[in-house]
Amino acid sequence: MDTESTYSEYSHYSSHSRKAQRQGSRDRHKSPRSKDGSRSEKSVTIQAPPIDALLGNDSRAEEGQDDNWGETTTAITGTSEHSVSQEDLAGLSKDLEDSVGLDYKRYLVFTVAAILGLLVFLTPIAFILLPQILWRSELEPCGTACEGLFISVAFKLLILLIGTWALFFRQPKADLPRVFVFRILTLVLIFLLMFSYWLFYGVRILESKDLNYHGIVQFAVSLVDALLFVHYLAIIVLELRQLQPMFTVKVLRSTDGESRYYSLGHLSIQRAALVILENYYRDFAVYNPMLLTASKARAAKHMAGLKVYSVDGPGTNAAGQSRAMIAAAAHCRDSSHNELYYEEADYERRVRKRRARLVVAVEEAFTHIKHMKTEEQQKAPGEVMDAREAAQAIFPSMARVLQKYLRTTRQQPYHTMESILQHLAFCITHNMTPKAFLERYLTPGPTLQYDKDRWFSKHWTLISEEAVTRGLRDGVVFVLKCLDFSLVINVKKIPFIKLSEEFLDPKFHKFAFRLQSETSV
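For reference, each letter of the sequence shown is one residue, going 104 to 624 in this note's numbering.
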């Protein structure tokens with residue numbers, strides 16, 4: 104019974120949506136061109152000849168046609184649901200090329216790094232084993248100091264293995280448009296180091312068949328030490344260099360003007376964009392395009408209320424009409440601020456009213472939960488409800504009020520009935536208060552709070568006048584663009600601060616209080 108009442112609150116909305124879908128499907132069957140005509144994309148499709156041409160009623164059409172008219176005739180029409188335009192094909196091929204290029208670049212860099220890392224760990228072992236395999240009988244005996252170097256090489260390789268895994272083989276957080284320059288330089292440095300050691304080993308040890316095995320082992324130990332120093336250099340360049348704040352960036356969302364400030368270190372433009380996006384999903388409120396429809400509707404209403412009448416007849420030029428329209432709009436703008444003021448005041452009043460009703464309804468529902476808990480303590484273990492059943496039992500008492508509040512604040516696309524029930528069950532399980540339950544709905548949360556389907560921003564495009572591999576500097580501006588909005592980033596360098604010291608003599612803090620006979624205390 105409770106379950107039926109839970110879903111009955113939203114049943115009329117689902118019926119309206121089904122009616123709207125059936126009406127939309129009938130409209131599509133009646134006039135498919137009306138929907139497609141709004142699209143700017145055009146496609147080339149082959150159409151059959153008209154009936155009149157087949158019957159031979161139009162002699163002029165017969166004169167203009169050739170014998171192969173059915174194979175050569177094309178017509179430009181609106182894009183239908185079952186056709187693909189040339190622009191779609193071009194964009195699809197470009198997206199496929201970009202995705203294939205990014206995947207190829209990423210896997211190529213990973214493959215080269217893996218091969219180079221395998222070569223790094225096998226080279227010291229090969230330096231030690233090759234003399235034992237090729238000319239073992241001629242080698243000088245390895246003493247105690249030489250055997251102790253084996254332990255040193257083993258533990259150094261283990262430390263290098265753990266450090267390399269922690270620094271280089273991490274799960275990537277994003278697909279960047281360009282490679283990381285410092286990481287490539289580190290790989291090049293490792294390659295040059297390995298090439299130099301192999302060249303020296305091949306010329307001075309393999310060709311001459313050096314008999315000093317202790318010196319060969321020390322040569323392998325020196326290689327491991329050099330690799331450890333390269334790893335230390337990579338930590339400084341890749342991780343520690345960017346920790347010191349050097350720049351302040353302002354991130355501005357283009358649609359609603361929400362902005363944040365962040366401090367960044369020495370980073371390239373693409374890596375700075377990645378850091379900004381990570382902070383965006385955490386700090387910025389979720390993008391709600393429905394909040395922007397009010398101003399657009401107000402402007403459209405003003406322009407729709409303007410009419411231009413031609414006194415001189417239909418021969419009046421369009422320039423005069425446009426000037427008259429602009430003048431009338433400027434005249435109406437003088438009184439539009441009053442309308443905006445009263446609209447905002449009325450909206451705030453309605454929000455406060457809906458909020459008060461919602462708070463009271465939720466508090467009553469949670470009070471009912473407390474009574475249910477006291478009653479369930481006296482029941483048998485099999486008759487006790489879980490958190491999900493309790494949430495379904497009390498949800499109908501607050502569903503309508505919550506739905507009206509979400510509709511007033513234009514948050515209904517971000518909260519489904521299932522998500523509300525899950526959140527309510529979560530609050531009941533952890534014994535939360537009504538304020539803790541309402542925190543998600545009274546104030547819009549960050550983007551990460553909602554499902555990924557509600558983010559409106561999954562794929563980003565970095566737009567910059569400079570190369571994205573270049574470092575940040577003062578005055579750089581770049582844009583992160585997604586489907587519905589964009590983030591404009593302005594970089595400012597933190598100014599150099601000069602502090603001076605001024606000595607204050609402790610004697611200046613002392614004073615004397617002299618009382619006179621005439622002084623009244």
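For every residue, glycine included, the Cβ atom is placed at its ideal position computed from N, Cα and C. Note that the structure is predicted; figures quoted are calculated from it, not measured.
Under the three-state DSSP convention, the category residue i falls into
i: Val389; result: coil
i: Leu242; result: coil
i: Pro275; result: coil
i: Lys507; result: helix
i: Gly220; result: helix
i: Leu355; result: strand
i: Gly548; result: coil
i: Tyr553; result: coil
i: Leu288; result: helix
i: Val324; result: helix
i: Ser371; result: strand
i: Glu605; result: coil
Residue i versus residue j - alpha carbon distance
i: Pro348; j: Leu370; result: 10 Å
i: Ile228; j: Glu241; result: 20 Å
i: Ala248; j: His317; result: 8 Å
i: Lys507; j: Leu551; result: 24 Å
i: Leu618; j: Phe606; result: 32 Å
i: Asp130; j: Ile597; result: Below a pLDDT of 50, predicted positions are generally treated as unreliable, and Asp130, at 46, falls in that range; no measurement from the model is reported.
i: Leu225; j: Trp301; result: 12 Å
i: Ser311; j: Leu219; result: 27 Å
i: Gln515; j: Trp563; result: 25 Å
i: Leu524; j: Asp577; result: 49 Å
i: Arg457; j: Thr546; result: 14 Å
i: Lys610; j: Lys601; result: 28 Å
i: Ile231; j: Ile319; result: 7 Å
i: Ser589; j: Thr358; result: 8 Å
i: Met350; j: Phe581; result: One point to set straight first is that residue 350 is Phe, not Met, in the sequence displayed. Their Cα atoms are separated by approximately 14 Å.
i: Ser362; j: Thr511; result: 25 Å
i: Leu341; j: Asp449; result: 54 Å
i: Asn382; j: Glu478; result: 46 Å
i: Asn391; j: Ile262; result: 50 Å
i: Val284; j: Val571; result: 11 Å
i: Ala375; j: Lys538; result: 37 Å
i: His526; j: Phe540; result: 7 Å
i: Leu252; j: Arg281; result: 42 Å
i: Phe258; j: Glu250; result: 14 Å
i: Lys626; j: Val324; result: With the chain running from 104 to 624 in the structure shown, residue 626 is simply not present.
i: Ala459; j: His518; result: 19 Å
Outcome for residue i when other beta-carbon atoms lying within 10 angstroms are tallied against a minimum of 16
i: Phe298; result: exposed
i: Leu264; result: exposed
i: Arg273; result: exposed
i: Ala468; result: buried
i: Arg573; result: exposed
i: Arg307; result: exposed
i: Tyr304; result: buried
i: Asp608; result: exposed
i: Thr214; result: exposed
i: Pro234; result: buried
i: Tyr210; result: exposed
i: Ile379; result: buried
i: Thr289; result: buried
Integer Cβ distance of residue i from residue j, believed to fall under 8 Å
i: Glu569; j: Ile372; result: 7 Å
i: Val256; j: Val327; result: 6 Å
i: Leu509; j: Tyr544; result: 7 Å
i: Ile472; j: Ile531; result: 6 Å
i: Leu461; j: Val504; result: 5 Å
i: Val594; j: Leu575; result: 5 Å
i: Ala269; j: Leu377; result: So it is not a contact: roughly 20 Å between Cβ atoms.
i: Ala494; j: Ala528; result: 4 Å
Unbroken beta strand (DSSP E) run spanning residue i, endpoints
i: Ile592; result: Ser589 to Lys596
i: Phe564; result: Just to set this straight, residue 564 is Thr in the shown sequence, not Phe. Run containing Thr564: Thr564 to Ser567, per the beta strand (DSSP E) assignment.
i: Tyr365; result: Ser362 to Leu367
i: Leu346; result: It is not in any beta strand (DSSP E) - Leu346 carries neither H nor E in the DSSP assignment.
i: Leu583; result: Val580 to Lys584
Extent of the continuous alpha helix (DSSP H) run through residue i
i: Phe253; result: Thr247 to Leu270
i: Gln514; result: Counting along the chain, Gln514 falls outside any alpha helix (DSSP H), and DSSP gives it neither H nor E.
i: Met523; result: Met is not the amino acid found at residue 523; the sequence shown has Ile there. First-last of the alpha helix (DSSP H) with Ile523: Met520 to Thr532.
Residue i beta carbon near the ligand HEM (any heavy atom closer than 7 Å)
i: Phe230; result: The ligand HEM is absent from the structure shown, which contains no ligands of any kind.
Residue i at chain B interface by Cβ criterion, 8 Å
i: Ala464; result: Checking the listed chains, one finds no chain B in this structure; it contains a single protein chain.
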